[in-house]
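Undergrad:
Residue numbers (full-length UniProt numbering): 1 to 281.
1) For residue 217, count neighbouring Cβ atoms within 10 angstroms of its own Cβ and tell me buried if that reaches 16, exposed if not.
2) For the beta strand (DSSP E) containing residue 97, list its first residue and its last residue.
3) Does the Cβ of residue 22 have 16 or more other Cβ atoms within 10 Å, making it buried, or fewer, making it exposed?
4) List in chain order: all unbroken beta strand (DSSP E) runs of 3+ residues lying wholly within the stretch 90-156.
5) Should residue 277 be labelled buried (16 or more other beta-carbon atoms within 10 Å of its own) or exposed?
6) Taking all protein chains shown into account, do 16 or more other C-beta atoms lie within 10 angstroms of the C-beta of residue 280, making it buried, or fewer, making it exposed?
7) Could you compute how far the alpha carbon of residue 244 sits from the alpha carbon of residue 179?
8) Roughly how many whole angstroms lie between the Cα atoms of residue 3 and residue 67?
9) Does the stretch 112-121 touch the stretch 234-242, meaning 3 or more C-beta pairs lie closer than 8 Å?
10) Mark residue 148 as exposed unless 16 or more other C-beta atoms lie within 10 angstroms of its C-beta, in which case mark it buried.
11) For residue 184, which option in 195, 85, 253 and 64 has the closest C-alpha, if you only look at C-alpha atoms?
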């Protein structure tokens, strides 16, 4: 299987539309269709069922999509890590990825404690939209990630648990729900005045819905203060809340466990030192 064919298939499988996939790949639709058909013939399986109106995946296609994403990520990771290894000989550094606005207090303590360790290296921080903080570590753009179970996928990564906490809902001050000392998830259902925010997908598009389009954590907090949306987050987010924002515990929301994660193939002394510092804290 060629990398090009796999990339083509993943694009079509994610878009479920040959035209959109072709636009995303920057190629014409006919060669894309031919490449998928050739791949199916060579594999001897049907990956996609298509007619004039729709494209759907077969079980074989779903399996290849899952494995194909991992394979493409692994190839991208190999390239990025090789490039970084070449330029970091003289000035080694670490890159840590995390969700914007999440675990800020914990991360600040970790960075300060690690910087005080003998032999520590410079650490860059990559802030990602929700759900995307695991991607940089899988593609070699980051060495370590701060992830949150059960929401983030840690499959294939080594992890150490750092903190388990409950969740809260952040509301605009003065909203009727702030009159309660504790809320339940059912209290948030059907809140037409505070629809859930919408974050961009990796391609920059937004899902349909009534909630506001959000691009950053600071923008989200401002929209909450203006009474346009709300946020469900770990309890530690209280430390970032300013005037006009109120947090209330969510009694029946699942607990969130913050973990530090790294690729199992890592042999970096700096990564090992950072992880040891995190678990000690």
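Just so it is clear, CB atoms sit at the ideal spot from N, CA and C, and this is done for glycine as well. Keep in mind that this is a model prediction, so the values were computed, not measured.
TA: Taking the coordinates as given:
1) buried
2) 93-99
3) buried
4) 93-99, 122-128 and 144-149
5) buried
6) exposed
7) 14 Å
8) 13 Å
9) no
10) buried
11) 253
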